[in-house]
Amino acid sequence: MSLFWRIFLLNAFVLFAAASLLLLGPVTVSTPVLLTEALILCAGLVVMLIANAALLRFGLAPLQRLTRAMSTTDLLRPGSRPVVAGHGEIAGLIRTFNTMLDRLETERAASSGLALSAQEAERRRIAQELHDEVGQSLTAVLLGLKTAADHAPDALREELHQVQETTRSSLDEIRRIARRLRPGVLEELGLTSALRALSGESTTPDRLTVRHHLDADLPPLGPDEELVLYRVAQESLTNIVRHSGARRAHLSLRREGGALVLLIRDDGHGTGGAAEGAGIRGMRERALLIGAELSVGPGPDGGGTEIRLTAPLRERGE
Numbered sequence: 001m002s003l004f005w006r007i008f009l010l011n012a013f014v015l016f017a018a019a020s021l022l023l024l025g026p027v028t029v030s031t032p033v034l035l036t037e038a039l040i041l042c043a044g045l046v047v048m049l050i051a052n053a054a055l056l057r058f059g060l061a062p063l064q065r066l067t068r069a070m071s072t073t074d075l076l077r078p079g080s081r082p083v084v085a086g087h088g089e090i091a092g093l094i095r096t097f098n099t100m101l102d103r104l105e106t107e108r109a110a111s112s113g114l115a116l117s118a119q120e121a122e123r124r125r126i127a128q129e130l131h132d133e134v135g136q137s138l139t140a141v142l143l144g145l146k147t148a149a150d151h152a153p154d155a156l157r158e159e160l161h162q163v164q165e166t167t168r169s170s171l172d173e174i175r176r177i178a179r180r181l182r183p184g185v186l187e188e189l190g191l192t193s194a195l196r197a198l199s200g201e202s203t204t205p206d207r208l209t210v211r212h213h214l215d216a217d218l219p220p221l222g223p224d225e226e227l228v229l230y231r232v233a234q235e236s237l238t239n240i241v242r243h244s245g246a247r248r249a250h251l252s253l254r255r256e257g258g259a260l261v262l263l264i265r266d267d268g269h270g271t272g273g274a275a276e277g278a279g280i281r282g283m284r285e286r287a288l289l290i291g292a293e294l295s296v297g298p299g300p301d302g303g304g305t306e307i308r309l310t311a312p313l314r315e316r317g318e
């Protein structure tokens, strides 16, 4: 039955019941209308409106649930679908909405995968150019400065040494940027070694200490899964260094049942209820590529920030 006929029949039922009471009941209307008669008519009208509202609310309740689902749906946080309830057009509308969500999530995952693959390729290209072009140029500058300093008078030699140190620091910084853009240790030594190296790079002598705990019996992972786990850990530690004001951070990777859990905690000032930025949304997009779930919230003691990535383990043949 269509929505139109359901609403029409509900209202017809209420009006028919009211007309039956007027025709078959002992109530009559005088001219002019008496006060008691007016009160009875008003009470009957109120009863009709309440009955009509109750029936319509019951009939349209599935639409209200669908409206709430539409207003809270986030493709970066896949959740449960609205339950198909009601009849006719309402049930068909809910089924269509669920089908649309499935299609949108599939299309978003595919497009995000292509975009992130292109991003990784561009990062590798930039890292290669930094290493080959800029790195070699700065190395040549360092050699030239050393030769010039060896033949320079004493008054100028000290200044040339200072320029050498500045150039060497710039070369080290460029190499560090290239390593972050293209994690060679991840490709060559695997995820565990890459996370250890990342923890060491994020530790600062004067402010932040990053400790790590990585299970020794981690299952073998595919290259996409390793890259997602590494990038999420990298982005999390970068946010801690830049924004959290933390003194200590902890990174762990362990197996919990049929899932792999990456956990990053810090003792900083937390998110403060701020809206999620591009970094966290980027992590959510990466998590969707491997069917993982990402949660961001306060630490277990209510302070700092905790980022948890739960990735389901799959058989290697899948």
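289 is the number that full-length UniProt numbering gives to position 289 of the sequence shown; each next residue is one higher, with no gaps. Each residue gets a CB set at the ideal place from its N, CA and C atoms; glycine is no exception. Everything numeric in this text was worked out from a predicted model, so none of it was measured.
> Taking all protein chains shown into account, do 16 or more other C-beta atoms lie within 10 angstroms of the C-beta of R176, making it buried, or fewer, making it exposed?
Replying inline: exposed
> Residues in its own chain within less than 8 angstroms of R207 by CB, not counting five upstream and five downstream?
Replying inline: R247
>> Under DSSP, the beta strand (DSSP E) around P312 begins and ends at which residues?
In response: 305 to 312
> From G303 to R77, what distance separates their C-alpha atoms?
Replying inline: 24 angstroms
>> Quick check for students: name the residue ranges of the alpha helix (DSSP H) that lie wholly in the region 200 to 239, counting only runs of 4 or more.
In response: 223 to 239
> Rounded to whole angstroms, how far is the Cβ of L195 from the Cβ of L251, which I believe are closer than 8 angstroms?
Replying inline: 7 angstroms
>> Between which two residues does the alpha helix (DSSP H) holding H151 run?
In response: 135 to 151
> Cα separation between S169 and G268?
Replying inline: 29 angstroms
> In chain order, which continuous runs of the alpha helix (DSSP H) of length 4 or greater are located wholly inside the region 247 to 293?
Replying inline: 278 to 289
> Is it buried or exposed for T166, if we count other Cβ within 10 angstroms and need 16 for buried?
Replying inline: exposed
> In the structure shown, what three-state DSSP assignment does V47 receive?
Replying inline: helix
>> Buried or exposed, going by whether 16 or more other CB atoms sit within 10 Å of the CB of I50?
In response: exposed
>> Tell me the DSSP secondary structure of R295 in three-state form.
In response: Rather than Arg, the amino acid found at residue 295 in this sequence is Ser. Correct three-state label for S295: strand.
> Can you give the Cα-Cα distance for R314 and A287, rounded to whole angstroms?
Replying inline: 15 angstroms
> From this set, D102, A148, M283, which residue's C-alpha is nearest L229's C-alpha?
Replying inline: M283
>> Excluding the 5 residues flanking A18 on each side, which residues of the same chain have their C-beta closer than 7 angstroms to its C-beta?
In response: G44, M48
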